[in-house]
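A short write-up of the structure that comes next.
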Amino acid sequence: EAGVTQFPSHSVIEKGQTVTLRCDPISGHDNLYWYRRVMGKEIKFLLHFVKESKQDESGMPNNRFLAERTGGTYSTLKVQPAELEDSGVYFCASSQVVGVQQYFGPGTRLTVT
Amino acid sequence: KQEVTQIPAALSVPEGENLVLNCSFTDSAIYNLQWFRQDPGKGLTSLLLIQSSQREQTSGRLNASLDKSSGRSTLYIAASQPGDSATYLCAVRPYNQGGKLIFGQGTELSVKP
Chain W
30 EAGVTQFPSH
40 SVIEKGQTVT
50 LRCDPISGHD
60 NLYWYRRVMG
70 KEIKFLLHFV
80 KESKQDESGM
90 PNNRFLAERT
100 GGTYSTLKVQ
110 PAELEDSGVY
120 FCASSQVVGV
130 QQYFGPGTRL
140 TVT
Chain H
8 KQEVTQIPAA
18 LSVPEGENLV
28 LNCSFTDSAI
38 YNLQWFRQDP
48 GKGLTSLLLI
58 QSSQREQTSG
68 RLNASLDKSS
78 GRSTLYIAAS
88 QPGDSATYLC
98 AVRPYNQGGK
108 LIFGQGTELS
118 VKP
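Each protein sequence line maps, in turn, to chains W and H. Its first residue numbered 30, the first sequence is counted upward by one per residue in this note's numbering. Its first residue numbered 8, the second sequence is counted upward by one per residue in this note's numbering.
What follows is the structure, encoded as structure tokens:
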């Protein structure tokens, strides 16, 4: 069974540019989560999808971040325009149902210069 | 507001030692607590998940305990090996906040041969 995959593994962009991160959850997992870790801080929750619906987006930092999960399969997280403080590692996780183990992807390291 | 703290931030031990990693949380209203391992450049691997009604979980050389009333968990690693070197993260799933996990900053463990 394939795990959670994320693309790209690393992205370097300039301030003001746009970046789109992609996450493919484990097949059959309705729940998909985005988290991020910025330098020196703990991993923080961004949002939670149940199928294609946003269940909880309380962790999204501002309106420069847009997450989608059309069709309830893969998800994208777009940052537009990127700022220096957006640099960090963005993790995606999925689970079959809420409350059970979340399986994490390898993360996308975003560097904004 | 739930906060998770892990002590120490870093730990270096010689191979063969038994060791304890600590995790504390400020609000005892949790569904469960998970311990994860993260290797450099990799995603998070779930090690143990303890439900709020449980006191401990064991897997191989790992034993995790949970004292919900005092807001503490420990991860005990027996007979440490160089391959145990990684960052260990503790995360709680709070009540009434959907499926989000709240993480500590982690303990970076180095086991010297």
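Every residue gets a Cβ at the ideal spot worked out from N, C-alpha and C, and that includes glycine. Just so you know, these numbers come straight off a predicted model, no measurement behind them.
Residue-chain proximity (residue i, chain H), Cβ-Cβ < 9 Å
i	result
W:PHE120	yes
W:PRO90	no
W:SER40	no
W:PHE133	yes
W:GLY101	no
W:ILE55	no
W:HIS58	no
W:VAL67	no
W:GLU114	no
W:GLN84	yes
Residues that residue i bridges to, as DSSP identifies them
i	result
W:THR140	W:VAL41
W:ALA64	A quick correction: the sequence has Tyr, not Ala, at residue 64 of chain W. BP columns for W:TYR64 point to W:PHE74 and W:PHE120.
W:THR49	W:LYS107
W:ILE55	Beta-bridge pairing links W:ILE55 to no other residue.
H:GLN13	H:CYS30
Within 9 Å, strictly: CB atoms of residue i and residue j
i	j	result
H:GLN45	H:GLY113	yes
W:ALA122	W:GLN131	yes
W:ARG65	W:TYR103	no
H:ARG1	H:ASN29	Look at the range of chain H in this structure, 8 to 120, and you will see that residue 1 of chain H is not part of it.
Other residues of its chain near residue i: CB distance less than 7 Å, five sequence neighbours each side excluded
i	result
H:SER92	LEU116, SER117 and VAL118
H:PRO15	THR114
H:ILE109	GLN9, VAL11, ALA98, VAL99 and PRO101
H:LEU22	The amino acid occupying residue 22 of chain H in the given sequence is Glu; Leu does not appear at that position. Answer for H:GLU22: SER87, GLN88, PRO89, VAL118, LYS119 and PRO120, listed in chain order.
W:ASP115	VAL108, LEU139 and VAL141
Residue-chain proximity (residue i, chain W), Cβ-Cβ < 9 Å
i	result
H:VAL99	no
H:LEU108	yes
H:GLN104	yes
H:LYS49	yes
H:GLN61	no
Chain-order list of residues whose beta-carbon lies under 8 Å from that of residue i (same chain, five-residue window excluded)
i	result
W:LYS44	PRO110, ALA111, GLU112, LEU113, VAL141 and THR142
H:LYS107	ARG100 and PRO101
Residue i: CB within 8 Å of a non-hydrogen atom of the ligand GDP
i	result
W:THR137	Among the components of this structure there are no ligands whatsoever, and the ligand GDP is therefore not found.
Chain-order list of residues whose beta-carbon lies under 6 Å from that of residue i (same chain, five-residue window excluded)
i	result
W:GLN46	ALA111
Query raised in the report: What are the uninterrupted segments assigned as beta strand (DSSP E) that are 3 or more residues long and contained completely in the region 50-83 of chain H, given in chain order?
Result: Within the region 50-83 of chain H, the runs of beta strand (DSSP E) at least 3 residues long that lie entirely inside it are, in chain order, 51-58, 63-66 and 69-74.
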